[in-house]
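Let me begin by presenting the structure, written as structure tokens, before commenting on it.
Protein chains: 2
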Amino acid sequence: VLQLKNVWKLYAMGEAPVKALRGLDLEIRAGEFVALMGPSGSGKSTLMHLLGALDQPSEGEVRFENEEISRLDENQLAELRGRKVGFIFQTFNLVPTLTALENVELPMIFQNVSRANRRSRAQTLLERVSLGERLHHQPSQLSGGEQQRVAIARALANHPEIILADEPTGNLDTESGEKILRLLKDLNAEGKTIVLVTHNPEAAAYASRIIRLKDGHRIEDLSNPKI
Amino acid sequence: VLQLKNVWKLYAMGEAPVKALRGLDLEIRAGEFVALMGPSGSGKSTLMHLLGALDQPSEGEVRFENEEISRLDENQLAELRGRKVGFIFQTFNLVPTLTALENVELPMIFQNVSRANRRSRAQTLLERVSLGERLHHQPSQLSGGEQQRVAIARALANHPEIILADEPTGNLDTESGEKILRLLKDLNAEGKTIVLVTHNPEAAAYASRIIRLKDGHRIEDLSNPKI
Ligand SMILES: Nc1ncnc2c1ncn2[C@@H]1O[C@H](COP(=O)(O)OP(=O)(O)OP(=O)(O)O)[C@@H](O)[C@H]1O
Ligand SMILES: Nc1ncnc2c1ncn2[C@@H]1O[C@H](COP(=O)(O)OP(=O)(O)OP(=O)(O)O)[C@@H](O)[C@H]1O
Ligand SMILES: [Mg+2]
Ligand SMILES: [Mg+2]
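Chains A and B are the protein sequences, given in the same order. Take the first sequence: its position 19, counted from the start at 1, is 23 in the numbering used here, and no numbers get skipped. Take the second sequence: its position 3, counted from the start at 1, is 7 in the numbering used here, and no numbers get skipped.
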């Protein structure tokens with residue numbers, strides 16, 4: 005469902021561009037649970053932004069359900085993302101002026117979900133990540149791990165088929181983190197495709213496949229022996 | 005050097021205030037290396053902001069080197085913090101329009117360090133956290149873990165006696181994280197006082213004392229048997 009062929013991503017920086025991804029080939033099939041690991045700066049978030057059609061490659065092809073994303077315009081990309089992809093950003097990217105509840109409702113407004121349905125689904129999702137008592141807090145009125153959990157709830161709002169989670173447990177204690185990983189595992193059991201960036205080998209153990217990046221290259225791609 | 009007596013911190017929220025800290029008593033002596041742990045939302049960052057005199061308690065006393073911070077005005081607090089405290093924020097709080105180098109130089113400008121000294125110290129610190137090749141990147145041109153490392157380098161700029169690190173390794177791979185923890189351990193060996201918030205028991209093992217919070221209470225306070 006997600007395919008990369010000879011993908012390069014360069015960031016222009018003065019004289020020497022940063023080569024964040026160097027000729028990456030990758031295929032992720034529907035229903036897989038993939039963990040993406042690698043050192044800080046190795047290209048994981050860059051790869052996630054391409055997989056989520058949030059960014060275009062500098063070279064090479066990115067195919068999303070067989071459609072090449074470089075052939076789609078921004079409206080088509082936004083429509084595809086809104087319906088099919090749930091993105092949990094490494095830096096949360098919550099809307100600072102909206103409450104937790106409103107942040108989770110926002111993606112559903114774009115999919116024309118009725119107000120009553122939106123509100124009840126947002127509350128259910130926030131309770132599922134143990135934030136039932138923080139519905140009316142804005143991001144600045146929440147702890148780091150609480151903001152992260154709002155970002156997780158928001159990503160699940162439209163029942164996406166593909167969930168791209170960029171380090172979703174970095175700010176959570178072990179118990180809260182395991183609760184999120186079990187939630188992702190349950191969604192995968194329902195057939196959702198999951199790509200999880202993590203630095204924590206215990207989190208990666210929830211996946212059935214572990215891909216390792218280094219300096220923009222894929223240096224390892226193994227099925228998880230523990231599964 | 006840092007003392008709390010019956011400290012409460014309430015956040016006003018509609019009808020029912022959030023009681024983030026409830027009657028906390030705590031003493032941290034000069035030169036200690038303390039790890040602060042506890043579930044997401046248990047009050048760790050709130051406590052760190054009080055220890056760093058970035059915020060005032062709702063009730064109770066916070067003493068910084070025997071001075072009660074509620075008796076100091078904002079200028080005196082800023083002066084105290086600028087000279088004595090290095091703060092690594094959970095959400096980095098880098099200045100988005102400045103490069104990595106300029107972000108690390110900024111605290112030294114307030115302490116009237118000469119331009120040449122500022123520049124060379126900032127570069128030395130960024131090289132020490134393996135960012136020598138990213139000096140001229142702005143935060144939006146850096147990965148999550150790279151931004152975190154800029155925030156760490158910045159906190160050390162003025163040779164602070166007290167380092168308050170709120171989850172400094174959350175976005176780092178194991179190797180980069182261990183490098184930072186060893187750096188903090190070295191600074192502690194030089195006599196610096198360190199308070200490290202972490203969710204990772206392996207990071208907490210670097211400390212000589214582990215304090216656990218739950219719902220705004222201190223529920224455990226043990227010297228680390230492994231040390
Ligand atoms: N400005 C605020 N207004 C209202 N409530 C707040 C505010 N800041 C924090 N809180 C609440 O106070 C509680 C403690 O927050 P704090 O940031 O200290 O937690 P924490 O232990 O650092 O959590 P984490 O591990 O997730 O970072 C949280 O439940 C949070 O919702
Ligand atoms: N907009 C940009 N402009 C210039 N360089 C960038 C930009 N975004 C990222 N980079 C660089 O590209 C490299 C890859 O960044 P990326 O965010 O993909 O890393 P990462 O693997 O997610 O790291 P982390 O684990 O620290 O989050 C980094 O070295 C970073 O400095
Ligand atoms: Mg990243
Ligand atoms: Mg916190």
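Note that CB positions come from ideal geometry on N, CA and C, so glycine has one too.
Distance cut-off 7 Å: Gln152/B Cβ against heavy atoms of ligand 3: no
Residues of the region 43 to 77 of chain A with Cβ closer than 7 Å to any Cβ of chain B, in chain order: Pro43, Ser44, Gly45, Ser49
With a cut-off of 8 Å, does the C-beta of Asn97/A fall near any C-beta of chain B? no
Alpha carbon to alpha carbon, how far is Gln151/B from His203/A? Give it in angstroms, no decimals. 16 Å
Contact the region 50 to 58 of chain A vs the region 155 to 170 of chain A: 3+ CB pairs below 8 Å: yes
Would a C-beta distance cut-off of 8 Å place His141/A and Met17/B closer than the cut-off? yes
Please check if any C-beta of chain B sits within less than 8 Å of the C-beta of Gln142/A. no
Kindly indicate if chain B contains any beta-carbon less than 8 Å away from that of Gln145/A. yes
Consult DSSP for Met112/B and reduce its assignment to one of helix, strand or coil. helix
Chain-ordered neighbours of Gln94/B on chain A, where CB pairs are closer than 8 Å: Gly148, Asn175
Could you confirm whether any beta carbon from chain A is found closer than 8 Å to the beta carbon of Tyr210/B? no
Can you pull the chain B residues whose beta carbon is under 9 Å from the beta carbon of His250/A, in chain order? Nothing about residue 250/A can be reported from this structure: the residues present for chain A run from 5 to 231 only.
With respect to 7 Å, is the separation between the Cβ of Leu146/A and the closest non-hydrogen atom of ligand 1 below this value? yes
Could you compute how far the alpha carbon of Glu36/A sits from the alpha carbon of Arg138/A? 33 Å
Tell me whether the beta-carbon of Trp12/B lies closer than 8 Å to the beta-carbon of Glu63/B. yes
Measure the alpha-carbon distance for Glu31/B versus Gln7/B and round it to whole angstroms. 4 Å
Anything in chain A within Cβ reach of Gly136/B, meaning under 8 Å, just list it in chain order. Here the premise fails: no neighbours, minimum Cβ distance about 12 Å.
Ligand 4 and Pro49/B: does the residue's C-beta get closer than 7 Å to at least one heavy atom of that ligand? First, the residue type needs correcting, since residue 49/B is Ser and not Pro in the sequence shown. Because some heavy atom of ligand 4 lies under 7 Å away, the Cβ of Ser49/B counts as near it: yes.
Does the beta carbon of Asp170/A fall short of 7 Å from some heavy atom of ligand 3? yes
Since Gly18/A meets chain B, which of its residues come closer than 8 Å, beta carbon to beta carbon? His140
Based on the DSSP output, what are the partners of Arg216/B in its beta bridges? Met41/B, Glu224/B
Based on Cα-Cα distance, which residue from Ser124/A, Arg75/A, Ala82/A lies nearest to Ala161/A? Ser124/A
Is the separation between the beta-carbon of Arg213/A and that of Ile223/A shorter than 8 Å? no
Do the region 106 to 124 of chain B and the region 79 to 88 of chain B make contact, defined as three or more Cβ pairs closer than 8 Å? yes
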